[in-house]
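Taking full-length UniProt numbering as reference, the numbering of the sequence shown is continuous, increasing by one, and the terminal residue is 237.
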Amino acid sequence: MCDIDFSSVDWESFRSAQEASAQHDTVRRFYQACKLDPNQPIKKASFVALDFETTGLTPEVHEIISVGMVPFTAGRIQLNDSRSWLVKPRKQLADDSVLIHGITHADLEQAPDLMEVLDDILAVLASKVVVVHFKYIERDFLYHQVQQRLGDELLFPLIDTMAIEAFFHRQQIGAKLKRLLGGKPVSIRLADSRGRYGLPRYPLHSAMTDALATAELLQAQLRHHYDDSRVIGDLWE
Numbered sequence: 001m002c003d004i005d006f007s008s009v010d011w012e013s014f015r016s017a018q019e020a021s022a023q024h025d026t027v028r029r030f031y032q033a034c035k036l037d038p039n040q041p042i043k044k045a046s047f048v049a050l051d052f053e054t055t056g057l058t059p060e061v062h063e064i065i066s067v068g069m070v071p072f073t074a075g076r077i078q079l080n081d082s083r084s085w086l087v088k089p090r091k092q093l094a095d096d097s098v099l100i101h102g103i104t105h106a107d108l109e110q111a112p113d114l115m116e117v118l119d120d121i122l123a124v125l126a127s128k129v130v131v132v133h134f135k136y137i138e139r140d141f142l143y144h145q146v147q148q149r150l151g152d153e154l155l156f157p158l159i160d161t162m163a164i165e166a167f168f169h170r171q172q173i174g175a176k177l178k179r180l181l182g183g184k185p186v187s188i189r190l191a192d193s194r195g196r197y198g199l200p201r202y203p204l205h206s207a208m209t210d211a212l213a214t215a216e217l218l219q220a221q222l223r224h225h226y227d228d229s230r231v232i233g234d235l236w237e
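Here is the structure:
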């Protein structure tokens with residue numbers, strides 16, 4: 001698990017050091033381009049929602065098989081600029097994972113290797129603030145895939161909509177009191193989180209659809225919980 005937290009790490013110093021030490025051109029180009037400003041107002045920021053479907057839940061041994069990315073701002077979803085890829089894993093798909101995400105062996109037969117599309121993926125990520133729902137999937141899987149295949153570290157700040165939901169709906173006094181009295185904790189899964197803001201329920205386990213759902217969720221969270229004075233560095237981690 002990648003335990004870095006960019007809420008307490010200076011991004012520019014980290015980025016500059018990683019650019020200097022990167023062994024592979026793909027990773028070096030990413031760090032050269034990814035000059036994010038933690039003091040940028042949220043209302044002026046460009047975001048990209050990122051979602052992966054994977055062969056399992058362990059980043060050290062499982063692989064990415066689908067990538068969905070949806071660019072957006074606080075007020076607009078840029079669906080026409082969305083991107084998605086199927087990615088062929090190096091190991092055979094397990095039947096139980098096919099049942100979850102619905103991506104079959106035949107779907108991946110002609111798909112590219114992740115390294116063949118990594119430049120395209122990172123070009124999008126480098127220009128925007130990345131948003132995910134549960135950082136330990138997207139951050140950890142991308143980190144381990146790049147480390148195993150290229151020998152470099154790939155880490156960057158991101159906003160986790162699940163962490164935002166946990167803060168407002170699990171860590172406040174009322175939520176803690178409810179748990180002390182034996183109540184169940186509020187669900188912070190993607191669909192349940194969206195439901196609290198009146199957002200529609202989408203089919204699960206499609207990287208593209210989940211990325212869109214995550215983008216819409218952050219927009220709702222920003223409207224409900226944050227004013228225009230907040231900056232990107234207040235939310236990223």
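All C-beta atoms in this analysis are idealised placements derived from N, C-alpha and C, irrespective of residue type, glycine included. Here the structure is a predicted model, which means the values were calculated and not measured.
Taking contact to mean at least 3 C-beta pairs separated by less than 8 Å, is the segment 16-29 in contact with the segment 189-204?
Taking a cut-off of 8 Å on C-beta distances, the segment 16-29 does not touch the segment 189-204, as fewer than three cross pairs fall below it.
Sequence-distant residues of the same chain with beta carbon closer than 8 Å to L93, five excluded per side:
As a working note, residue 93 is residue 93 in the sequence shown. Excluding sequence neighbours, L93 sits near T55, I65, I103, T104, H105, L108.
Whole angstroms are fine: how far does the CA of G183 sit from the CA of L158?
Taking the sequence shown and counting its residues from 1, the one referred to as residue 158 is at position 158. Taking the sequence shown and counting its residues from 1, the one referred to as residue 183 is at position 183. Distance from the CA atom of L158 to the CA atom of G183, rounded to whole angstroms, is 31 Å.
How many Å lie between R196 and F52 at the Cα?
Here residue 196 is taken as the residue at index 196 of the sequence shown, counted from 1. Here residue 52 is taken as the residue at index 52 of the sequence shown, counted from 1. Distance from the CA atom of R196 to the CA atom of F52, rounded to whole angstroms, is 24 Å.
Express the C-alpha separation of A123 and S82 in angstroms, rounding to a whole number.
Counting from 1 along the sequence shown, the entry for residue 82 is found at position 82. Counting from 1 along the sequence shown, the entry for residue 123 is found at position 123. Rounded to whole angstroms, S82 and A123 show a C-alpha spacing of 13 Å.
Just to confirm my understanding: we take R28, look at its own chain, exclude 5 residues before and 5 after, and list those with CB closer than 7 Å. What are they?
Position 28 of the sequence shown, counted from the first residue, corresponds to residue 28. Excluding positions up to five away in sequence, the list reads E19, A22.
Mind checking if S8 is an interface residue toward chain B, Cβ cutoff 7 Å exclusive?
You won't find chain B in this structure, because it holds only one protein chain.
Contact defined as beta carbons within less than 8 Å: I believe I42 pairs with E216. What is the distance between those atoms, to the nearest angstrom?
Translated into positions along the sequence shown, residue 42 becomes position 42. Translated into positions along the sequence shown, residue 216 becomes position 216. At roughly 16 Å, the Cβ-Cβ gap does not stay under 8 Å, so I42 and E216 are not in contact.
When DSSP labels each residue in this structure, what does T161 get in the three-state scheme?
Translated into the one-based positions of the sequence shown, residue 161 becomes position 161. In the structure shown, T161 sits in a helix (DSSP, three-state: H, G or I).
Am I right that P38 and V231 are in contact with their C-beta atoms under 8 Å? What's the rounded C-beta distance?
Looking up residue 38 in the sequence shown gives position 38. Looking up residue 231 in the sequence shown gives position 231. By a beta-carbon distance limit of 8 Å, P38 contacts V231. Their separation comes to about 6 Å.
DSSP bridge partner residues for P71 (one or two, in chain order):
Within the sequence shown, residue 71 is the residue found at index 71, counting from 1. Beta-bridge pairing links P71 to V48.
Can you list, in chain order, the residues of its chain whose CB lies under 6 Å from that of F47, leaving out five sequence neighbours each side?
The sequence position of residue 47 within the sequence shown is 47, counting from 1. Same-chain partners within the cutoff: F72, K128, V129, V131.
Helix, strand or coil: how does DSSP classify S127 here?
By 1-based counting over the sequence shown, the position of residue 127 is 127. Of the three classes helix, strand and coil, the one that applies to S127 here is coil, per DSSP.
Residues that R83 bridges to, as DSSP identifies them
Translated into the one-based positions of the sequence shown, residue 83 becomes position 83. As DSSP reads the structure, R83 sits in a beta bridge with M69.
Using 8 Å for Cβ pairs, my map puts Y143 next to L155. What's the rounded Cβ distance?
Position 143 of the sequence shown, counted from the first residue, corresponds to residue 143. Position 155 of the sequence shown, counted from the first residue, corresponds to residue 155. Distance from Y143 to L155 at the Cβ level is roughly 6 Å; contact confirmed, criterion being Cβ atoms closer than 8 Å.
If R15 sits next to C2, beta carbons under 8 Å apart, how far is it from one beta carbon to the other, in whole angstroms?
Here residue 15 refers to the residue found at position 15 when the sequence shown is read from its first residue. Here residue 2 refers to the residue found at position 2 when the sequence shown is read from its first residue. Contact between R15 and C2 fails: their C-beta atoms lie close to 16 Å from each other, not under 8 Å.
Buried or exposed by the 16-neighbour rule on C-beta atoms within 10 Å, applied to A207
Position 207 of the sequence shown, counted from the start, is the residue given in the question as residue 207. Under a 10 Å Cβ-count criterion, A207 is classified as buried, with 16 or more other Cβ atoms of the shown protein chains found around its own Cβ.
I42 (DSSP reduced to helix, strand or coil)
Working through the sequence shown from its first residue, we reach residue 42 at position 42. Residue state for I42 is assigned as helix, using DSSP reduced to three classes.
Check I77 in the structure and name its three-state DSSP category.
What you label residue 77 is simply residue 77 of the sequence shown in a count that begins at 1. Of the three classes helix, strand and coil, the one that applies to I77 here is strand, per DSSP.
Host alpha helix (DSSP H) of F14 (start-end):
The sequence position of residue 14 within the sequence shown is 14, counting from 1. It spans 11-21 - the alpha helix (DSSP H) in which F14 sits, taken as one unbroken run.
How long is the line joining the alpha carbons of V9 and T214, rounded to whole angstroms?
Counting from 1 along the sequence shown, the entry for residue 9 is found at position 9. Counting from 1 along the sequence shown, the entry for residue 214 is found at position 214. So the alpha carbons of these two residues sit roughly 25 Å apart.
Distance CB(V87)-CB(L114) smaller than 7 Å:
One-based indexing of the sequence shown puts residue 87 at position 87. One-based indexing of the sequence shown puts residue 114 at position 114. Yes, the pair counts as a contact, with Cβ atoms nearer than the cut-off.
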